[in-house]
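Encoded as C-alpha cells, the structure appears first; notes follow it.
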Amino acid sequence: MTDIQKLQHIRDIPKIKRKWNNLTNEKKRKLLESFPEQTTEKALTKAIERVRKAL
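Note that this note's numbering has the sequence shown beginning at 76, numbered continuously upward.
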C-alpha cells in the first residue's frame, strides 16, 4: 500500500471521515498540501498525527 493509499484509508475511518467532510475545501487543500509527495513511514506517521490534531 502506498503512502497516498494509507492516507486515503485513514480518511475513510468513520469519525475522521465525518470531520473531514465538515472541513471547507480550502482547509482540505491546505492539509493535503502540507504533505510532501514522497513520505517515509516516520514522516507519514507524523502527518497522520497532524491531521488528527487538526481535526
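Don't be surprised by glycine CBs; every beta carbon is placed ideally from N, CA and C.
Cβ neighbour criterion (16 or more within 10 Å) applied to residue i
i	result
A122	buried
Residue i versus residue j: straight-line alpha-carbon distance, rounded
i	j	result
D78	H84	10 angstroms
T99	T120	24 angstroms
P89	R127	13 angstroms
L106	K117	18 angstroms
E101	E124	20 angstroms
N97	S109	19 angstroms
Rounded Cβ spacing between residue i and residue j (contact assumed at less than 8 angstroms)
i	j	result
L130	K94	4 angstroms
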